Amino acid sequence: MRESARQGALVLFSGGQDSATCLAWALDRFDHVETLGFDYGQRHRIELECRTQFRERIVEVMPATRARLGDDHVIDLSVLGAISDTAMTRDIEIVTTASGLPNTFVPGRNLMFMTIAAAIAYRRGLRVIVGGMCETDFSGYPDCRDDTLKALQVALNLGMDSRFVLETPLMWLDKADTWRLARSLGGDPLVDLIRMDTHTCYLGERGLLNDWGYGCGECPACKLRKRGYEAYLANEPVGADPTR
65 MRESARQGAL VLFSGGQDSA TCLAWALDRF DHVETLGFDY GQRHRIELEC RTQFRERIVE
125 VMPATRARLG DDHVIDLSVL GAISDTAMTR DIEIVTTASG LPNTFVPGRN LMFMTIAAAI
185 AYRRGLRVIV GGMCETDFSG YPDCRDDTLK ALQVALNLGM DSRFVLETPL MWLDKADTWR
245 LARSLGGDPL VDLIRMDTHT CYLGERGLLN DWGYGCGECP ACKLRKRGYE AYLANEPVGA
305 DPTR
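Counting from 65, one number per residue, gives the positions in the sequence shown under this note's numbering.
What follows is the structure in structure tokens.
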């Protein structure tokens, strides 16, 4: 048992590939794990339905963790959708804006997510907050950067007089490595569960099943997931363990 296993963790779990992998990562490390999701009027709201089923099934493919999975929390954050004019919250074409960022960027989203997560963790007595932010395969979102999360950790600890630890296990992994991490945690059954029961597509497409999972195959999220899965398969057998 790892030294950190005595701690409890709160995982930001959207229902997508990255957060699902983070949930498996946390279940492998901590004695007690709770999950947190947000309904912010996202266009791909189907992810909220996927997360419920994934929570039920992950303890089947990782049976040793069954007793560790605790409560789930879903927060209505519709105010974020109301103040956002983005392709994640509006039925508009996905394009690159004048700032150089895609219009899928929702300003303040991860900042709000982490702040609310810290408030819940404070109340629940959980010290570790786990998020799927990544600076390797991402669209340049400034709130996914390692520097942002480190600064936010300092601000949350000062503002709540606490010692939260913000864990981002995917920060320096590409999408192929994320698939490899899942396999190292739960073998092929976990990879298949993530492939079938998580949702990434920005357009909310759930009717078309591809080798890498459900999705339109054309939006940036689908293209990234597809490229990562193909790279993961091309590099079999898996080499270095990305958990180290």
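Think of the CB as a built atom: it goes at the ideal place given N, C-alpha and C, for glycine as much as any other residue.
Predicted model, so just to flag it, every value in this text is computed and none were measured.
Query raised in the report: Are the region 267-275 and the region 207-216 touching, with three or more C-beta to C-beta distances below 8 angstroms?
Result: By the C-beta criterion, the region 267-275 is judged not to be in contact with the region 207-216, since fewer than 3 inter-stretch pairs fall below 8 angstroms.
Query - Enclosing alpha helix (DSSP H) for L254 [first to last residue] - result: In this chain, the alpha helix (DSSP H) harbouring L254 covers K239 to D261.
Query raised in the report: Does the count of Cβ pairs from the region 188-200 and the region 107-121 closer than 8 angstroms reach three?
Result: No, the region 188-200 is not in contact with the region 107-121.
Query raised in the report: Mind pulling the alpha helix (DSSP H) runs of 4 or more residues that sit fully within the region 86-143?
Result: 110-125, all fully within the region 86-143.
Query raised in the report: Got a sec? Which residues, its chain only, sit under 7 angstroms from V123 by beta carbon, not counting five neighbours each side?
Result: If the five residues before and after V123 are omitted, its C-beta is found closer than 7 angstroms to the C-beta atoms of T129, R130 and L133, all from its own chain and listed in chain order.
Query raised in the report: Name the DSSP beta bridge partners of A215, please?
Result: As DSSP reads the structure, A215 sits in no beta bridge.
Query raised in the report: Where F297 and M197 are concerned, what is the direct C-alpha to C-alpha distance, given to the nearest angstrom?
Result: What sits at residue 297 in the sequence shown is Leu, not Phe. Rounded to whole angstroms, the separation of the alpha carbons of M197 and L297 is 23 angstroms.
**Report entry** Three-state secondary structure assigned by DSSP to I193
**Finding:** Strand, per DSSP.
Query - Reference V229; option with closest CA among L220, L237, W236 and G105 - result: The residue with the shortest Cα to Cα distance from V229 is L220.
Query raised in the report: Once you ignore the five residues that flank I180 on each side, which residues in its own chain have a CB closer than 7 angstroms to its CB?
Result: Only I139 meet the Cβ criterion.
Query raised in the report: Between S226 and M126, what straight-line distance do the alpha-carbon atoms span, to the nearest angstrom?
Result: So the alpha carbons of these two residues sit roughly 32 angstroms apart.
**Report entry** beta-carbon D135 near the ligand ADP non-hydrogen atom, thresh 8 angstroms
**Finding:** The ligand content of the structure shown is nil, which means the ligand ADP is not present either.
Query - Limits of the alpha helix (DSSP H) - the one that E294 falls within - result: First-last of the alpha helix (DSSP H) with E294: P284 to A298.
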